[in-house]
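Peer 1:
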Amino acid sequence: MLLWPKAKCFLLACLSLLSPFTWAQNLPASSLKNGSLPMQYDADVIVVGAGFAGLAAAKQLHDQGHSVLLLEARERIGGRAHTVFDGEQAIEMGANWLHGQDNNPLVALAKEQGINLSPATQWRETIVYDEFGEEIDDAGALLGRWNHVVENYLAQYLRREPNASIQMLMDDAQKSGDLGFVSDELHSSFINFMFEQDWSADAADLSVQAAEDGEDYLGGDPIPLQGFLPLQQHLSENIRIRLGHQVSAIQQSKEGVEVIAQYQGQQTALRSKRALITVPVSVLQAGNIGFTPPLSARKREAINVIGMGQLNKVWLKFPEVFWDQNHAILRVGPEKGRFSLWVNIHAVSGQAYLLALSTAGNLEAGSDAEIVEEAMLGLRAIYGDEIPEPSKRYISRWQNDPFSLGAYSYLRQGGRPEHRDILAEPEGLVYFAGEASQREFPATVHGAYLSGLREARKIHASLPAVAERQESVELNRDISSDREGSFRQ
Ligand SMILES: Cc1cc2nc3c(=O)[nH]c(=O)nc-3n(C[C@H](O)[C@H](O)[C@H](O)COP(=O)(O)OP(=O)(O)OC[C@H]3O[C@@H](n4cnc5c(N)ncnc54)[C@H](O)[C@@H]3O)c2cc1C
196 MLLWPKAKCF LLACLSLLSP FTWAQNLPAS SLKNGSLPMQ YDADVIVVGA
246 GFAGLAAAKQ LHDQGHSVLL LEARERIGGR AHTVFDGEQA IEMGANWLHG
296 QDNNPLVALA KEQGINLSPA TQWRETIVYD EFGEEIDDAG ALLGRWNHVV
346 ENYLAQYLRR EPNASIQMLM DDAQKSGDLG FVSDELHSSF INFMFEQDWS
396 ADAADLSVQA AEDGEDYLGG DPIPLQGFLP LQQHLSENIR IRLGHQVSAI
446 QQSKEGVEVI AQYQGQQTAL RSKRALITVP VSVLQAGNIG FTPPLSARKR
496 EAINVIGMGQ LNKVWLKFPE VFWDQNHAIL RVGPEKGRFS LWVNIHAVSG
546 QAYLLALSTA GNLEAGSDAE IVEEAMLGLR AIYGDEIPEP SKRYISRWQN
596 DPFSLGAYSY LRQGGRPEHR DILAEPEGLV YFAGEASQRE FPATVHGAYL
646 SGLREARKIH ASLPAVAERQ ESVELNRDIS SDREGSFRQ
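So the mapping is simple: the working numbering equals the position in the sequence shown, first residue as 1, plus 195.
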């Protein structure tokens, strides 16, 4: 049984010799195994995935003189940070904020690149409405009190029941009467606001270890006003990128790594001295990339114990502003996570948009029209039936996207922050980056960026010094100006 997939990979690798996109002379895949012919490389390093992790690594390695080839499955760069434009307004379908300004390397890079940042979002001044549209005046004070109780429970659970879920802890706290000062609906809404939105995960599936998962930069959360795209364009300058290349297999030998990719229905095999995999952990969980030899049991366990959450964005453009001028609006709705949290984009850019963040698992099943109708029901409950219909909508569907299969990573029950370090461990000549592998700042764009730099350092240290490879540097200079025809964004 086990021999068949290997034989199939071998056959497919041979077929890939026909691909016009493999610019170096191809060798049969068997040369990997018997070592009878010297391997010829398409690049020193092949990076798989052009999100912030892949772009950061590719730029650093390129700047250090290594030849780099970046393979990206989508027809665009950026991954889960995806900016589209409605005139002047940058619409972020994925990442929106730079979380923390102090020491955040992407804030520094944005400033260096002249990218304007909004003032930090004032989450503390979020206005809170109940289900019927009545403002809950003392919501801020209640949230502070609620948080204090929950922190005490978290400290105890981390000691006594480190494998429990956040929901178990919350049920315990609620049953004990310690949270008797908030209604069940408000309790549920606070869980969503404080935990589920943060980790894009259902509290029943989120480990209490989430409380110790990662760190925060201070200084508040600004939004890049021109979106994340200019930062990505800067990182991708002079990098050879092949879009539309879906990697399906990674095969390594002592000599190097063979990366098998599908491009427009054809298979191509590319060879490098090292490979860096930056695809979302959910893509690894789904087994969409086969590894030969297989990944270690330790790595597979880490991949499976890290969850991938659900979070989507619904942007609505209105002909006029009818909502509060607070930066965020929370409605304690009948179903938590479904159009409960709104961000007032008018306060950010002066344009009449509202942005809903939804952690609801089944949101993506609805049609665009159904999703907008449901969103409008919630808004009408607060602002009345006379509010205008939206003139435009932008709706993300990250769960159903085969190249993300979710929003961002979290620790499932049984998961520990150390699993992120295991995810980051190289396996032979194959390296791993991406937000899920960044223990200090998981689930963020800066975490993804830092993970790319981390692996670039490891790869650089593992390759012969650039000075000893002058010939390769000359080759790199030649090809860096020769960006592939498939590069688009
Ligand atoms: C709705 C939403 C809101 C978010 N909000 C924020 C926020 O406000 N602030 C923040 O800091 N972070 C936020 N995040 C998280 C942030 O977007 C991610 O942590 C970060 O972008 C991940 O970068 P990455 O490089 O690790 O992965 P990705 O960006 O996912 O990059 C991986 C790349 O691999 C490619 N790929 C996948 N499979 C293959 C394959 N087989 N072959 C080749 N290529 C492949 C993908 O197309 C993708 O381009 C948000 C995410 C979402 C979805």
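The beta-carbon is built from N, C-alpha and C at its ideal position, and this holds for glycine as well.
Only a predicted model underlies this, so the values are computations on that prediction, with no experimental measurement involved.
Are the CB atoms of LYS253 and ILE445 nearer to each other than 7 Å?
Peer 2: Here residue 253 is Ala; the residue named in the question, Lys, does not match the sequence. Contact: no.
Peer 1: Measuring only the C-alpha atoms, how far is ALA628 from GLU613?
Peer 2: Approximately 15 Å, taken between the alpha carbons.
Peer 1: Does the region 649-658 come close enough to the region 623-637 that 3 or more CB-CB pairs lie under 8 Å?
Peer 2: The region 623-637 is in contact with the region 649-658.
Peer 1: Would ILE418 pass as a contact of VAL509 if the rule is Cβ separation under 7 Å?
Peer 2: It is not a contact, given that the beta carbons lie outside the stated cut-off.
Peer 1: Considering GLY573, what are the terminal residues of the alpha helix (DSSP H) in which it resides?
Peer 2: Its alpha helix (DSSP H) spans residues 563-578.
Peer 1: For ASN291, verify whether its CB is less than 6 Å away from any heavy atom of ligand 1.
Peer 2: Checking the Cβ of ASN291 against ligand 1 gives yes.
Peer 1: Which one of GLY532, ASN499 and GLY439 has the shortest CA to CA distance from SER383?
Peer 2: Residue GLY532 is the option with its Cα nearest to SER383.
Peer 1: Could you pull the DSSP bridge partners for VAL538 from this structure?
Peer 2: Answer by DSSP bridge pairing, in chain order: ALA523 and LEU550.
Peer 1: Relative to the C-alpha of VAL538, which candidate in GLN428, VAL474 and ILE286 has its C-alpha closest?
Peer 2: Comparing Cα positions, the closest option is ILE286.
Peer 1: Do GLY556 and GLN505 have their beta-carbon atoms positioned less than 7 Å apart in this structure?
Peer 2: In contact: GLN505 and GLY556 (Cβ atoms closer than 7 Å).
Peer 1: Which residues in the same chain have their Cβ closer than 6 Å to the Cβ of ALA334, if we skip the five residues on either side of it in sequence?
Peer 2: Correct list, in chain order: VAL323.
Peer 1: Comparing alpha-carbon positions, which option in SER535, GLY422 and ASP367 lies nearest THR278?
Peer 2: Cα-wise, what sits closest to THR278 is GLY422.
Peer 1: Would you decide whether ALA492 is buried or exposed? Buried here means 16 or more other CB atoms lie within 10 Å of its CB.
Peer 2: The residue in question, ALA492, is exposed, as its Cβ has fewer than 16 Cβ neighbours within 10 Å.
Peer 1: Run the CB neighbour count on SER225, radius 10 Å, all protein chains shown included, and call it buried at 16 or more, exposed below.
Peer 2: Bear in mind that a pLDDT of 38 at SER225, under 50, signals an unreliable position, so the number given afterwards is only what the model happens to contain. Per the 10 Å Cβ criterion, exposed.
Peer 1: Spell out the partners DSSP gives LYS508 in its beta bridges.
Peer 2: Paired residue(s): LEU552.
Peer 1: With H, G and I counted as helix, E and B as strand and the rest as coil, what does DSSP make of LYS468?
Peer 2: Here LYS468 sits in strand by DSSP.
Peer 1: Let me know the secondary structure DSSP gives ARG271 once reduced to three states.
Peer 2: Correct three-state label for ARG271: coil.
Peer 1: Reducing DSSP to helix, strand and coil, say where TYR626 ends up.
Peer 2: The answer is strand: DSSP assigns TYR626 an E or B state.
Peer 1: When you compare the CB positions of GLY642 and GLN633, do they come within less than 7 Å of one another, or not?
Peer 2: Yes, these two residues count as a Cβ contact at 7 Å.
Peer 1: Could you check whether the Cβ of VAL243 sits closer than 6 Å to any heavy atom belonging to ligand 1?
Peer 2: Yes.
Peer 1: Check the DSSP bridge columns for THR463 and list the partner residues they point to.
Peer 2: ALA456.
Peer 1: Assign GLN594 to one of two classes, buried (16 or more other C-beta atoms within 10 Å of its C-beta) or exposed (fewer than that).
Peer 2: The residue is buried, with at least 16 neighbouring Cβ atoms inside 10 Å.
Peer 1: Could you round the C-beta distance between GLN404 and ARG611 to whole angstroms and report it? I think they count as a contact, below 8 Å.
Peer 2: Between ARG611 and GLN404 the Cβ distance is about 6 Å, and since that is below 8 Å, they are a contact.
Peer 1: Kindly indicate which residue of GLU630, GLN255 and GLN308 has the alpha-carbon position closest to the one of PRO475.
Peer 2: The shortest C-alpha separation from PRO475 is found at GLU630.
Peer 1: In this structure, how does DSSP classify PHE423 when only helix, strand and coil are distinguished?
Peer 2: Here PHE423 sits in coil by DSSP.
Peer 1: Could you tell me the alpha carbon to alpha carbon distance between LYS587 and VAL240, rounded to whole angstroms?
Peer 2: Spanning the two alpha carbons is a distance of roughly 43 Å.
Peer 1: Could you pull out every residue in the same chain whose Cβ sits closer than 8 Å to the Cβ of TYR578, ignoring the five residues on either side in sequence?
Peer 2: Only GLY328, PHE517 and TRP518 meet the Cβ criterion.
Peer 1: Indicate the three-state DSSP secondary structure (helix, strand or coil) for LEU413 in the structure shown.
Peer 2: In this structure, LEU413 counts as coil in the three-state DSSP scheme.
Peer 1: Is GLU267 close to ligand 1? I mean its beta-carbon at under 6 Å from any heavy atom of the ligand.
Peer 2: Yes, since a heavy atom of ligand 1 falls inside the 6 Å radius drawn around the Cβ of GLU267.
Peer 1: Taking 6 Å as the line, does the beta carbon of TYR603 fall inside it for any heavy atom of ligand 1?
Peer 2: Because some heavy atom of ligand 1 lies under 6 Å away, the Cβ of TYR603 counts as near it: yes.
Peer 1: Just to confirm before moving on: does the CB-CB distance between LEU525 and ILE540 stay below 7 Å?
Peer 2: No; because the gap between Cβ atoms is not below 7 Å, this pair is not in contact.
Peer 1: Whose C-beta lies closer than 8 Å to the C-beta of GLN369 among residues of the same chain, with five residues either side of it excluded?
Peer 2: If we look at GLN369 and ignore the five residues flanking it on each side, its Cβ neighbours are ASP379 and HIS382.
Peer 1: How would you label ASN299, buried or exposed, when you count the other beta carbons within 10 angstroms and need 16 or more for buried?
Peer 2: That one is buried.
Peer 1: Please classify ASN229: is it buried, with 16 or more other beta-carbons within 10 angstroms of its beta-carbon, or exposed?
Peer 2: For ASN229, the predicted structure reports a pLDDT of 44, less than 50, and the residue's modelled location is therefore unreliable. A value from the coordinates is still provided. Under this definition ASN229 is an exposed residue.
Peer 1: So, with DSSP's three-state summary, where would you put ARG634?
Peer 2: If DSSP states are grouped into helix, strand and coil, ARG634 belongs with coil.
Peer 1: Would you kindly work out how many angstroms separate the C-alpha atoms of PRO621 and VAL500, rounded to a whole number?
Peer 2: Answer to the nearest angstrom: the Cα atoms are 18 Å apart.
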